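J.: In terms of my numbering, the sequence shown opens at residue 7 and continues consecutively.
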Amino acid sequence: MNPHFIPLLAAMAPEGLLLLRVLGALAFVILIPVGFMLFKNQDRWFGHTAEIPTETSGSLGYGRAQAWLLYIGAVHLALFLALGL
């Protein structure tokens, strides 16, 4: 057996998966308040500012969509680690 392959087998053991599940659950618990904060402050964070008069509604919506897609991706990754979804 290849000696460089042994740590990979140890990481795939059920004990190693328990650590990933705990980290995924912890990340999910942390991401819940982050989502509420993003929802509550999205108009202030991604709204129109007087400093940039040339920004359009499309660019504002694009920035908001990118932030939400990043958040949804992080939640999906956390749920995948925690529950295997």
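The beta-carbon is built from N, C-alpha and C at its ideal position, and this holds for glycine as well.
Model, not experiment: these values are computed from the prediction.
(1) Can the beta-carbon of A33 be found closer than 7 Å to that of A73?
(2) Ignore the nearest five residues each way along the sequence and tell me which others in Y77's own chain have a CB closer than 8 Å to its CB.
(3) Can you tell me the Cα-Cα spacing of L24 and F86, whole angstroms?
T.: The relevant details are as follows:
(1) no
(2) L37, V40, G41, L44
(3) 13 Å
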